[in-house]
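Residue numbers (our numbering): 1 to 965.
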């Protein structure tokens with residue numbers, strides 16, 4: 001009886017599982033690709049900004065567009081500045097001459113213009129091998145940048161898979177194809193690098209000889225020629241269909257040409273490497289437990305201008321339809337847009353904007369105008385290039401409008417802040433509507449503008465979503481503040497949050513990700529395959545994946561075969577980083593040294609218990625700055641200075657990078673990453689206030705007076721005490737200390753040096769920023785920098801990556817430079833800062849120290865660090881730019897020339913903070929003394945003196961514990 005009940009229960013559970021899978025994964029029918037059905041939104045932006053392209057367009061709106069082409073040969077330049085420009089013959093297959101322009105300097109040409117008017121401009125160029133980043137140039141006409149967007153023109157490199165086939169590791173898993181440059185001569189129009197304008201820029205040229213100049217901002221390029229021209233008109237599909245009918249073109253014979261997404265021959269960025277997607281068993285190829293490279297795109301294919309290109313061999317002339325198996329599961333309440341070109345040209349107007357609506361599951365999308373009207377494409381027999389490019393389409397004017405609103409609302413917020421401060425008195429009537437007469441008008445105007453954006457978006461997508469909700473929340477607040485201006489001071493915080501939400505909205509909507517499995521070219525009427533797997537396939541997939549979770553080793557990365565010399569390496573960051581590293585190991589390290597590496601991805605806190613249990617690795621990577629010396633004290637880390645070629649290896653780094661790993665005459669790790677503070681500033685706001693970036697601390701005090709007069713703030717870094725057991729000494733204090741010849745430790749680390757007169761003075765100056773000048777103890781600097789509340793501040797240089805990616809609305813409005821310094825009597829200025837590092841270390845119980853040392857040398861080598869840095873940026877974008885500690889490698893990473901020079905200038909002043917037994921008390925008690933002064937009004941000298949006693953006691957205790965003299 002029990003047995004029967006059990007069987008019935010099991011059967012019921014299985015049926016429930018099958019039913020749930022059918023509900024969750026319904027079989028999908030094909031869906032037509034659609035184009036926008038609404039008229040374009042008219043952007044309300046930029047016209048009041050005399051430097052914007054929109055204002056430029058308006059100025060020359062009635063100007064003629066001469067139907068003529070003017071070509072300027074690259075080698076026919078008139079002058080150059082600050083760079084080595086070289087004329088070459090037959091460069092990379094070119095039939096003729098070209099000029100190679102380096103990564104810095106300016107080149108100028110005379111342009112003979114016969115007819116005044118608006119012209120498009122294009123360039124025939126070749127991306128010279130460099131740092132693997134996009135090529136950037138600034139355009140000037142007759143010595144002036146015509147509009148702000150011409151400050152940075154972006155020209156693509158060409159990338160492709162290194163191998164023609166997908167390689168596998170020795171466990172049968174596909175390996176992500178490495179991306180390599182496949183440079184070729186390209187013809188590119190000058191267009192908006194942000195993607196906010198769909199068509200190429202138009203420039204006004206007066207009749208006569210005009211001067212055109214290009215200034216290198218990043219990377220080198222060879223230039224064959226530059227042309228002034230007019231874009232050809234692209235017909236609408238209805239016109240093209242009439243042409244097809246008049247020519248008697250017919251559908252091709254039944255055939256289905258399928259191009260797998262991962263077989264793309266070229267791309268615009270190394271981030272567009274093929275990917276593995278395990279969301280459905282319908283993907284091609286598929287395996288229930290092994291990794292299969294079976295798609296392209298995803299969250300990496302999202303930024304305007306990024307393109308992927310496939311090549312197809314058509315068997316006969318005729319009319320074909322195009323279908324895509326895609327998934328757009330990232331943008332709910334909005335849609336992603338792509339443009340399609342065939343052999344470099346848009347076949348008809350509708351292909352400039354192909355819409356992909358939100359869907360959590362895979363769909364077959366036939367390009368067409370509704371389900372009953374698939375578009376037909378005339379393809380001749382032979383090979384054709386199909387390119388799909390991320391474009392903002394009809395979203396672009398919405399973004400320009402909201403970005404303009406954010407800038408105007410931020411400007412108004414700063415005006416309000418100048419009157420109320422960021423902590424308004426709740427009992428005071430500031431009479432803002434009288435002191436800022438335009439305030440209520442701006443609120444009302446922006447409410448109307450944002451309402452129109454929200455309504456357009458709602459109509460376009462047919463739904464209300466979080467994308468519309470953010471806009472509506474802002475509108476409600478703006479209307480209410482316009483109606484009740486006396487409430488504005490009390491609502492400044494929520495106003496700032498809502499404006500910040502608009503900035504995030506811009507960032508989210510600007511990104512347009514889709515994932516593609518394959519592309520189909522077939523005659524009209526051809527039956528398309530189903531997009532999703534059947535219920536039975538889903539059941540098999542789920543059960544197989546469940547079993548595989550017990551049988552597959554998901555911790556080991558890549559090949560696991562052991563050679564005669566073998567080492568185990570642990571890495572604590574993400575799987576993406578581990579896979580990139582393992583690919584590099586299998587490609588270069590193992591073949592060159594015959595040493596196999598078992599790379600394991602482990603949690604950060606597992607090294608200590610594993611080492612104590614005798615189960616630790618030979619080499620540990622990405623270790624915190626405090627770990628190597630702590631292990632060395634306990635004889636658990638190997639002394640690298642004993643290797644005969646150590647000094648040669650150490651010369652790859654600055655002395656400041658090695659300092660934290662020196663202990664008792666030995667060196668116990670090599671630095672992987674090294675980062676340090678820089679001064680960030682908003683150019684636009686400092687210009688408004690009449691300020692220059694401060695060069696000395698006296699300049700900082702002068703700037704603070706001006707900023708605080710306008711209720712703005714200067715940011716200094718301060719450590720977060722929450723869950724921060726290994727607190728490092730504060731960066732500002734370290735600057736003030738090192739710039740005055742101070743030190744953290746005395747007598748070879750036997751006691752703290754924070755009781756010296758230099759330290760006391762540095763500590764007093766540091767605390768005065770918070771006691772006398774009321775600096776905030778906690779601040780979200782990147783966001784307050786965006787809004788302009790903190791237009792200047794000192795932060796880690798990796799903040800540059802964050803601002804580049806996450807604050808598109810202030811692009812070109814900010815910069816960074818070396819930190820303020822201490823001026824000496826002779827007039828020179830010292831700019832010392834302390835750095836933070838991460839390390840690769842060898843464990844003392846490593847079974848094969850020679851093999852482990854070979855790995856560490858390979859890993860910290862210039863070429864390896866460059867490749868890893870470029871791979872990571874290629875995989876994850878500019879936000880993941882790698883802060884390598886290798887001197888030569890940093891120069892070769894894709895930094896704009898000007899920014900790298902600033903980094904290099906600051907790096908020369910960097911000092912490392914030594915690690916000592918008991919040294920973990922230094923940062924902790926320095927912060928305790930600081931808090932006592934700031935929060936309890938204690939005398940700075942007395943507070944620091946009290947805590948120095950604790951630091952000295954702990955150092956003495958630890959030295960006794962480890963029998964140190």
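For every residue, glycine included, the Cβ atom is placed at its ideal position computed from N, Cα and C.
Straight-line CA distance for residue 310 to residue 338? Numbered from its first residue, the chain shown carries residue 310 at position 310. Numbered from its first residue, the chain shown carries residue 338 at position 338. Computed Cα separation, rounded: 15 Å.
In this structure, how does DSSP classify residue 642 when only helix, strand and coil are distinguished? Counting from one through the chain shown, the residue named residue 642 turns up at place 642. Helix, per DSSP.
Meets three-Cβ-pair contact criterion under 8 Å: the stretch 743-757 and the stretch 909-919: The answer is yes - the stretch 909-919 touches the stretch 743-757, with three or more Cβ pairs under 8 Å.
Is residue 732 near residue 912, with beta carbons less than 8 Å apart? If you number the chain shown from 1, residue 732 lands on position 732. If you number the chain shown from 1, residue 912 lands on position 912. Against a cut-off of 8 Å, the Cβ pair of residue 912 and residue 732 comes out as no contact.
State the Cα-Cα distance for the pair residue 800 and residue 816, rounded to the nearest angstrom. Start at 1 with the first residue of the chain shown, and residue 800 comes out as number 800. Start at 1 with the first residue of the chain shown, and residue 816 comes out as number 816. About 8 Å.
From residue 64 to residue 117, what distance separates their C-alpha atoms? If you number the chain shown from 1, residue 64 lands on position 64. If you number the chain shown from 1, residue 117 lands on position 117. Approximately 5 Å between the Cα atoms of the pair.
List the residues that DSSP assigns as beta-bridge partners of residue 257. Counting from 1 along the chain shown, the entry for residue 257 is found at position 257. 521.
Beta-ladder partner(s) of residue 1045, from DSSP: Because the chain spans 1 through 965 in this model, residue 1045 falls outside it and cannot be assessed.
Using DSSP with H/G/I as helix, E/B as strand and the rest coil, what is residue 734? To locate residue 734, count along the chain shown from 1; it is residue 734. Here residue 734 carries a helix assignment [DSSP, helix/strand/coil].
Leaving out five residues on either side along the sequence, give the residues of the same chain with a beta carbon under 6 Å from the beta carbon of residue 430. If you number the chain shown from 1, residue 430 lands on position 430. Sequence-distant partners of residue 430 (beyond 5 residues in either direction) whose C-beta falls short of 6 Å from its own C-beta, in its chain, are 419, 420, 489.
For residue 635 and residue 935, the rounded distance between their alpha carbons: As a first step, residue 935 must be located in the chain shown, where it is residue number 935. As a first step, residue 635 must be located in the chain shown, where it is residue number 635. Distance between the alpha carbons of residue 935 and residue 635: 41 Å.
Smallest Cα separation from residue 627: which of 663, 613, 122, 615? The residue given as residue 627 occupies position 627 in the chain shown. Out of 663, 613, 122, 615, 663 has the C-alpha closest to the C-alpha of residue 627.
Between which residues of its own chain and residue 398 is the CB-CB distance below 6 Å, once the five residues before and five after are set aside? Numbered from 1 along the chain shown, position 398 holds the residue referred to as residue 398. Closer than 6 Å at the Cβ level, and outside the excluded window around residue 398, lie 41, 453.
Member of 798, 124, 77 whose CA lies at the smallest distance from the CA of residue 94: Here residue 94 corresponds to residue number 94 of the chain shown, with the count starting at 1. If we check each option's Cα against that of residue 94, 124 comes out closest.
Which residue wins for smallest C-alpha separation from residue 571, given the options 928, 582, 652? In the chain shown, the residue the question calls residue 571 occupies position 571. Scanning 928, 582, 652 for the CA closest to the CA of residue 571 turns up 582.
If we ignore side chains and look at the alpha-carbon of each, how far apart do residue 760 and residue 927 end up? Working through the chain shown from its first residue, we reach residue 760 at position 760. Working through the chain shown from its first residue, we reach residue 927 at position 927. Straight-line Cα distance between these residues: approximately 14 Å.
C-beta contact flag for residue 639 and residue 945 at 8 Å: Along the chain shown, one-based indexing puts residue 639 at 639. Along the chain shown, one-based indexing puts residue 945 at 945. Their beta carbons are not under 8 Å apart, which means residue 639 does not touch residue 945 by this criterion.
Just to confirm the assignment, what range does the alpha helix (DSSP H) spanning residue 874 have? One-based indexing of the chain shown puts residue 874 at position 874. First-last of the alpha helix (DSSP H) with residue 874: 862-876.
Just the Cα atoms here: how many angstroms apart are residue 589 and residue 856? The sequence position of residue 589 within the chain shown is 589, counting from 1. The sequence position of residue 856 within the chain shown is 856, counting from 1. Near 11 Å, if we compare the C-alpha coordinates of residue 856 and residue 589.
Near residue 206, which residues of its chain fall below 8 Å by C-beta distance, leaving aside the five closest residues on each side in sequence? Counting from 1 along the chain shown, the entry for residue 206 is found at position 206. For residue 206, where only same-chain residues beyond five positions count, the Cβ hits under 8 Å are 113, 116.
Range covered by the beta strand (DSSP E) that runs through residue 355: Here residue 355 is taken as the residue at index 355 of the chain shown, counted from 1. Its beta strand (DSSP E) spans residues 354-357.
What residue range does the alpha helix (DSSP H) around residue 161 cover? The residue labelled residue 161 in the question sits at position 161 within the chain shown. Per DSSP, residue 161 belongs to no alpha helix (DSSP H); it is in the beta strand (DSSP E), 159-161.
Tell me whether residue 799 sits in a helix, a strand or coil according to DSSP, three-state version. Reading the chain shown from its first residue, position 799 is the one you call residue 799. Residue 799: helix per DSSP, three-state reduction.
To the nearest angstrom, how far is it from the Cα of residue 962 to the Cα of residue 880? Within the chain shown, the letter at position 962 stands for residue 962. Within the chain shown, the letter at position 880 stands for residue 880. Rounded to whole angstroms, residue 962 to residue 880 spans 40 Å at the Cα level.
Compute the Euclidean distance between the alpha carbons of residue 632 and residue 886, then round it to the nearest angstrom. The residue you call residue 632 lines up with position 632 of the chain shown. The residue you call residue 886 lines up with position 886 of the chain shown. Taken atom to atom, the span from the alpha-carbon of residue 632 to that of residue 886 is near 23 Å.
Spatial neighbours of residue 99 within its chain, please: C-beta separation below 8 Å, excluding the five flanking residues on both sides. Position 99 of the chain shown holds residue 99. The beta carbon of residue 99 sits closer than 8 Å to the beta carbons of 74, 75, 77, 85, 86, 87, 88, 107, 222, 223 from its chain, once the five residues preceding and following it are set aside; these are given in chain order.
Please find out if some non-hydrogen atom of the ligand PLP comes closer than 7 Å to the beta-carbon of residue 649. For the ligand PLP, the structure offers nothing, since it holds no ligand at all.
Any idea what DSSP makes of residue 967, helix, strand or coil? In the structure as shown, the chain begins at 1 and stops at 965. Residue 967 is therefore absent and cannot be evaluated.
Does the stretch 424-440 come close enough to the stretch 381-390 that 3 or more CB-CB pairs lie under 8 Å? no
Can you give me the Cβ contacts of residue 641 inside the same chain, cut-off strictly under 7 Å, excluding the 5 residues immediately before and after it? Counting from one through the chain shown, the residue named residue 641 turns up at place 641. For residue 641, where only same-chain residues beyond five positions count, the Cβ hits under 7 Å are 666, 667.
Would you tell me roughly how many angstroms separate the C-alpha atoms of residue 684 and residue 411, rounded to the nearest one? Position 684 of the chain shown, counted from the start, is the residue given in the question as residue 684. Position 411 of the chain shown, counted from the start, is the residue given in the question as residue 411. The straight-line gap from Cα to Cα measures roughly 11 Å.
Check whether residue 477 and residue 504 have beta carbons under 8 Å apart: Position 477 of the chain shown holds residue 477. Position 504 of the chain shown holds residue 504. Going by C-beta atoms, residue 477 is not nearer than 8 Å to residue 504.
Where the alpha helix (DSSP H) through residue 499 begins and ends: On the chain shown, residue 499 is found 499 positions in, with the first residue counted as 1. Unbroken alpha helix (DSSP H) run through residue 499: 492-510.
Taking the beta strand (DSSP E) that residue 841 belongs to, which residues open and close that run? Numbered from its first residue, the chain shown carries residue 841 at position 841. Unbroken beta strand (DSSP E) run through residue 841: 836-842.
Three-state secondary structure assigned by DSSP to residue 293: Along the chain shown, one-based indexing puts residue 293 at 293. Note: residue 293 maps to coil in three-state DSSP.
Suppose the cutoff is 7 Å on Cβ atoms and the five residues either side in sequence are ignored; what does the same chain contact list for residue 60 look like? To locate residue 60, count along the chain shown from 1; it is residue 60. Counting only Cβ-Cβ distances below 7 Å, and skipping sequence neighbours, we find 118, 204.
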